[in-house]
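**Q**
In my numbering, the protein residues as written are 70 to 185.
1) Does the segment 89–99 come into contact with the segment 120–131, if we say contact requires no fewer than three beta-carbon pairs (one atom in each stretch) closer than 8 Å?
2) Is DSSP giving residue 124 helix, strand or coil here?
3) Look at the alpha carbon of residue 117 and the alpha carbon of residue 150, and state the distance between them as a whole number of angstroms.
4) Buried or exposed: which applies to residue 180, given that a residue is buried once 16 or more other Cβ atoms fall within 10 Å of its Cβ?
5) So, at 6 Å on beta carbons, what are the nonlocal neighbours of residue 74 in its own chain, with the 5 sequence-adjacent residues on each side left out?
6) For residue 90, which residues in the same chain have their Cβ closer than 8 Å to its Cβ, ignoring the five residues on either side in sequence?
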């Protein structure tokens with residue numbers, strides 16, 4: 070996970086809201102734009118969650134509005150490649166740097182769980 074103890078709160082249906090929440094009840098608000106089981110998930114960010122309150126209007130919320138996280142599974146010879154991309158929005162450089170710093174360990178955990 071990106072932050073110890075964080076969680077995704079959703080029903081996982083295409084079109085549903087998803088809250089990426091830390092232990093302080095803060096995080097990101099997104100919607101599941103595309104769900105193609107065993108192939109692709111696309112989340113589109115819409116705002117921020119601040120201590121349990123949804124925020125769509127502050128500068129920080131507007132900065133992430135429209136950003137997308139895309140996860141694609143690509144079959145390989147005897148394995149599967151997970152391709153992750155982040156695009157859109159006007160995320161501040163420090164937020165992008167944060168994601169670049171935590172994604173490798175998060176993806177290592179995904180690999181560990183997938184191979185267990």
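Glycine residues also receive a C-beta, built at the ideal position from the N, C-alpha and C atoms.
**A** Walking through what the data contain:
1) yes
2) On the chain shown, position 55 is the one that residue 124 refers to. Correct three-state label for residue 124: strand.
3) Here residue 117 corresponds to residue number 48 of the chain shown, with the count starting at 1. Here residue 150 corresponds to residue number 81 of the chain shown, with the count starting at 1. Between residue 117 and residue 150, the C-alpha separation is close to 30 Å.
4) As a position in the chain shown, residue 180 is number 111, starting the count at 1. The residue in question, residue 180, is exposed, as its Cβ has fewer than 16 Cβ neighbours within 10 Å.
5) If you number the chain shown from 1, residue 74 lands on position 5. Correct list, in chain order: 92.
6) For this step, residue 90 is matched to residue 21 along the chain shown. Excluding sequence neighbours, residue 90 sits near 75, 76, 77, 78, 96 and 118.
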